[in-house]
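Here the numbering used here is used: the first residue of the sequence shown is 66, the next is one more, and so on. Ideal Cβ placement from N, Cα and C applies to all residues, glycine included. Here is the structure we will look at, set down as structure tokens.
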Amino acid sequence: LRHVGLALDPHTNEERQAKINTICNVTQRFCTGTLQQYSSFNDCQQFLRTQIPYGSYDGADQRNVISYFVPLLPSIHCPHVGPTGGGACTDKTINFYYNQPNFLACAHRQ
């Protein structure tokens, strides 16, 4: 799918904030105990609003808020939605896509 962001990206600040709220609600609910990533809902919101770019679904494999919206399995993905990103999805240069045999390396396989 090319340019999926054109169809799925939020277009207003309210829509962006709603996505951030969803990420923080889910993270606080499911990423608990040793999987905890943020000390509070507000800590999560603050980090997502100020420390990483919002991004686009066109770059959902990059380090941005949108990439935090995608993960589903808490035991695998809680570290990925935390401040460090869990070492999974990272910002990539255009050369990465042409020089890496496995450009979906951040996709987890069980």
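Out of Ser140, His142, Asp123, Ile141, which one is the CA nearest neighbour of Asp156?
Asp123
Using only CA atoms, which one of Thr158, Ser104, Ala125 lies nearest to Pro148?
Ser104
Looking at Arg128: is its Cβ nearer than 9 Å to the Cβ of Ile141?
no
Excluding the 5 residues flanking Val130 on each side, which residues of the same chain have their C-beta closer than 8 Å to its C-beta?
Arg81, Lys84, Ile85, Ile88, Leu113, Ile117, Pro118, Tyr119, Gly120
Could you check what DSSP says for Ala125 in three-state terms: helix, strand or coil?
coil
Using only the alpha-carbon positions, how far apart do Gly70 and Thr158 sit?
19 Å
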